[in-house]
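Position one of the sequence shown corresponds to residue 4 (this note's numbering), numbered consecutively onward.
Ideal Cβ placement from N, Cα and C applies to all residues, glycine included.
Before any comments, here is the structure.
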Amino acid sequence: MSTPTSPAIAILGTGSNAPARVLTNDELSRQVDTSDEWIFTRTGIRERRIAGPDESVAALAAAAGRFALADAGLEPGQIDLLIVATCTPDLPMPSTACLVQTELGLRERAACVDLNAACTGFVYALDHAWALLASGRYRHALVIGAEKNSTLIDWADRGTCVLFGDGAGAVVLGPARPGTTSGILDAQLGAIPGTAELLLVPGGGSSPLAPESRRHIAMKGKEVFKFAVRGMEEVTRDLLARNGLSGADLSLVVPHQANLRIIHALAQYLELPYERIFVNVDRYGNTSAASIPLALDEARRAGRLKTGDLMLLVAFGAGLTYGGALVRW
Ligand code: ACO
């Protein structure tokens, strides 16, 4: 097991933020040949949020981060590590994290970096931050997932435009509060070699073969679906087994919110009642790296977590990547 042992590192606060603009299935069905019935039956999505041209990823991220800091009762100057998980950075450089640092007023001696593992980005960032804090070299980390997926969408492609949305979510990590058993218990990350072409944006990077017209999400939905279920089940099985746990020990699962059918497949695998799985894909669609921290913040505010609960965060995404984390609340 790759678990850092001490000190216990816990989630001290959560926050989230989504653009005000709501795009419903009915509205989309006036733009492309689709329907609320098709979208909801295949995905569980009813609506998603879309950022305006003036709403940057850094601004979405900073707002979520500000809420998380307030929730943790920390000042911006107390953060010495900021990781922003995103696959839709505002700019190729500098990192979105550096823009967020300025916006939040973090101190100069704070490490600021972006991380891209697509929809698994937040779980990757959480694991990296956990390891750095457990090393003792950093004390408090702000970990944010933030996306403006709407900028990568071909709005004429009904196969993808119905799936994605924009938003941000954040957590503050730090030493567990004395007298609690809270903390990140374990995490596992992975990536499946040879699967890049199943889900990608084929242009927009440094590739010379990338005209602007190819800067859109391209996806082989059925294959991604199968790998998603497999990856999330396997990582969950490994995490539970090596910690001597079973699905029945989980009080709450916060899965990546891509498709309700994928979430149901995971619930069946874990033999968990749906009440123990948090779902908000109906209102946000797939917000990639923002999906889990946005859902986690909503779950908390809805009273779905109490001290001592065991929670699983589990995701998959382009790469294809996957990852999970076990957290004692
Ligand atoms: N409205 C109406 N019809 C549609 C739409 C739409 N929006 N989209 C596709 N269709 C049609 C197709 O053209 C096809 O028609 P045909 O049979 O005449 O050819 C039919 O519906 C069935 O299409 P499928 O693609 O086979 O539908 P499927 O049941 O596989 O559902 C979906 C598609 C929802 C995309 C599903 O495959 C899925 O969710 N896959 C996982 C995708 C995912 O989670 N991606 C995010 C990854 S995370 C990240 O890192 C970004």
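Whole-angstrom distance between Asp-36 and Val-175, CA atom to CA atom: Locating residue 175 in the sequence shown gives position 172, where the first residue counts as 1. Locating residue 36 in the sequence shown gives position 33, where the first residue counts as 1. Computed Cα separation, rounded: 42 angstroms.
Segment limits, alpha helix (DSSP H) that includes Ala-302: Along the sequence shown, read from residue 1 onward, the residue named residue 302 stands at position 299. Segment 294 to 304, the alpha helix (DSSP H) holding Ala-302.
Where the beta strand (DSSP E) containing Phe-319 begins and where it ends: Looking up residue 319 in the sequence shown gives position 316. Element bounds for Phe-319: 313 to 320.
Ala-261 beta carbon near the ligand ACO (any heavy atom closer than 7 angstroms): In the sequence shown, residue 261 corresponds to position 258, counting from 1. Yes; taking the cut-off as 7 angstroms, the Cβ of Ala-261 has a heavy atom of the ligand ACO nearer than that.
Sheet register partners of Tyr-325 (DSSP bridge): Counted from its first residue, the sequence shown places residue 325 at position 322. Beta-bridge pairing links Tyr-325 to Gly-193, Phe-319.
Beta-carbon proximity list for Gly-68, same chain, < 7 angstroms, skipping 5 on both sides: Along the sequence shown, read from residue 1 onward, the residue named residue 68 stands at position 65. A distance below 7 angstroms between beta-carbons, with the five flanking residues on each side excluded, links Gly-68 to the following residues of its chain, in chain order: Gly-18, Val-103, Leu-107, Leu-145, Ile-147, Ala-173.
Inter-stretch contact (C-beta, 8 angstroms, three-pair minimum) for the region 181 to 188 and the region 324 to 332: The region 181 to 188 is in contact with the region 324 to 332.
Neighbourhood of Val-25 by C-beta distance below 7 angstroms, restricted to the same chain and skipping five residues each side: Counting from 1 along the sequence shown, the entry for residue 25 is found at position 22. Hits under 7 angstroms: Glu-50, Arg-52.
Enclosing beta strand (DSSP E) for Asn-28 [first to last residue]: For the purposes of this step, residue 28 is taken as residue 25 along the sequence shown, with counting starting at 1. Premise fails: Asn-28 lies in the alpha helix (DSSP H), 28 to 31, not in any beta strand (DSSP E).
Limits of the beta strand (DSSP E) - the one that Glu-150 falls within: Taking the sequence shown and counting its residues from 1, the one referred to as residue 150 is at position 147. Per DSSP, Glu-150 is one residue of the beta strand (DSSP E) stretching across 144 to 151.
Residue from Ala-132, Gly-16, Cys-90, Val-284 with nearest C-alpha to Cys-122: As a working mapping, residue 122 is identified with position 119 in the sequence shown. In terms of CA proximity to Cys-122, Cys-90 leads the group Ala-132, Gly-16, Cys-90, Val-284.
Cβ neighbour criterion (16 or more within 10 Å) applied to Lys-151: In the sequence shown, the residue the question calls residue 151 occupies position 148. When all chains shown are included, Lys-151 counts as buried.
Cβ-Cβ separation, Leu-242 to Arg-307 (assumed contact under 8 angstroms), whole Å: The residue given as residue 307 occupies position 304 in the sequence shown. The residue given as residue 242 occupies position 239 in the sequence shown. At roughly 20 angstroms, the Cβ-Cβ gap does not stay under 8 angstroms, so Arg-307 and Leu-242 are not in contact.
Any 3 or more C-beta pairs closer than 8 angstroms across the region 306 to 323 and the region 188 to 199: Of all C-beta pairs linking the region 306 to 323 to the region 188 to 199, three or more are shorter than 8 angstroms, placing the two stretches in contact.
Environment of Leu-94 [buried if 16+ CB atoms lie within 10 Å]: Position 91 of the sequence shown, counting from 1, holds the residue named residue 94. Within 10 angstroms of the beta-carbon of Leu-94 lie fewer than 16 other beta-carbons, which makes it exposed.
Closest residue to Thr-310 among Ala-179, Asn-28, Ala-132 (Cα-Cα distance): Against the sequence shown, residue 310 aligns to sequence position 307. Cα-wise, what sits closest to Thr-310 is Ala-179.
Residue nearest to Ile-82 in terms of C-alpha spacing, selected from Asp-57, Pro-92, Arg-112, Ala-66: As a working note, residue 82 is residue 79 in the sequence shown. Answer by Cα proximity: Arg-112.
For Asp-74, the nearest candidate out of Phe-319, Leu-315, Arg-304 (CA to CA): To locate residue 74, count along the sequence shown from 1; it is residue 71. Taking each of Phe-319, Leu-315, Arg-304 in turn and checking the Cα distance to Asp-74, the smallest one comes out for Arg-304.
Exposure label - Gln-271; buried when at least 16 CB within 10 Å: Locating residue 271 in the sequence shown gives position 268, counting from the first residue. Exposed, because fewer than 16 other Cβ atoms sit within 10 Å of the Cβ of Gln-271.
Secondary structure, alpha helix (DSSP H): runs of 4+ residues fully inside the region 110 to 182: Complete alpha helix (DSSP H) runs here, min 4: 124 to 137, 161 to 164.
Own chain, CB closer than 6 angstroms to Gly-250, minus 5 neighbours either side, in chain order: In the sequence shown, residue 250 corresponds to position 247, counting from 1. These residues qualify, in order along the chain: Leu-273, Glu-274, Leu-275.
Rounded straight-line distance, which links the Cα of Glu-301 to that of Val-126: Here residue 126 corresponds to residue number 123 of the sequence shown, with the count starting at 1. Here residue 301 corresponds to residue number 298 of the sequence shown, with the count starting at 1. Computed Cα separation, rounded: 17 angstroms.
Burial state of Tyr-277, where buried means 16 or more other Cβ atoms lie within 10 Å: As a working note, residue 277 is residue 274 in the sequence shown. Counting Cβ neighbours within 10 Å, Tyr-277 comes out exposed, since fewer than 16 surround it.
Length of the line joining the Cα atoms of Ala-268 and Gly-177: Taking the first residue of the sequence shown as 1, we reach residue 268 at position 265. Taking the first residue of the sequence shown as 1, we reach residue 177 at position 174. When rounded, the distance between both Cα atoms is 33 angstroms.
Thr-17 in three-state terms, based on DSSP: Your numbering for residue 17 matches position 14 in the sequence shown. Note: Thr-17 maps to strand in three-state DSSP.
Pair within 8 angstroms by beta-carbon distance, Leu-297 and Gly-170: Indexing the sequence shown from 1 puts residue 297 at position 294. Indexing the sequence shown from 1 puts residue 170 at position 167. The answer is yes: Cβ separation under 8 angstroms.
Contact belief for Leu-136 with Ile-86 at Cβ below 8 angstroms, rounded distance in angstroms: Stepping through the sequence shown from its first residue, residue 136 is reached at position 133. Stepping through the sequence shown from its first residue, residue 86 is reached at position 83. Actually they do not touch by this definition, with Cβ atoms about 11 angstroms apart.
Cross-strand partners of Val-256 (DSSP beta bridge): Counting from 1 along the sequence shown, the entry for residue 256 is found at position 253. DSSP lists Ile-280, Leu-315 as partners of Val-256.
Leu-202: CB within 7 angstroms of a non-hydrogen atom of the ligand ACO: Here the question's residue 202 lines up with position 199 in the sequence shown. Flag set: Cβ of Leu-202 near the ligand ACO.
Every unbroken beta strand (DSSP E) inside the region 219 to 244 [3 residues or more]: Whole beta strand (DSSP E) segments, 3+ residues: zero.
Cβ-heavy atom distance, Ile-195 to the ligand ACO, below 7 angstroms: As a working note, residue 195 is residue 192 in the sequence shown. Ile-195: no, Cβ never under 7 angstroms from the ligand ACO.
Check: Asn-283 C-beta below 7 angstroms from any heavy atom of the ligand ACO: On the sequence shown, position 280 is the one that residue 283 refers to. Every heavy atom of the ligand ACO is 7 angstroms or more from the Cβ of Asn-283, so no.
With 16 other Cβ atoms within 10 Å as the buried cut-off, status of Gly-1: Given a span of 4 to 332 for the chain in the structure shown, any question on residue 1 remains unanswerable.
Under the three-state DSSP convention, the category Leu-275 falls into: Position 272 of the sequence shown holds residue 275. Looking at Leu-275 - three-state DSSP - the assignment turns out to be coil, as it is neither helix nor strand.
Cβ-Cβ distance between Leu-263 and Val-238 below 8 angstroms: Here the question's residue 263 lines up with position 260 in the sequence shown. Here the question's residue 238 lines up with position 235 in the sequence shown. No. Outside cutoff.
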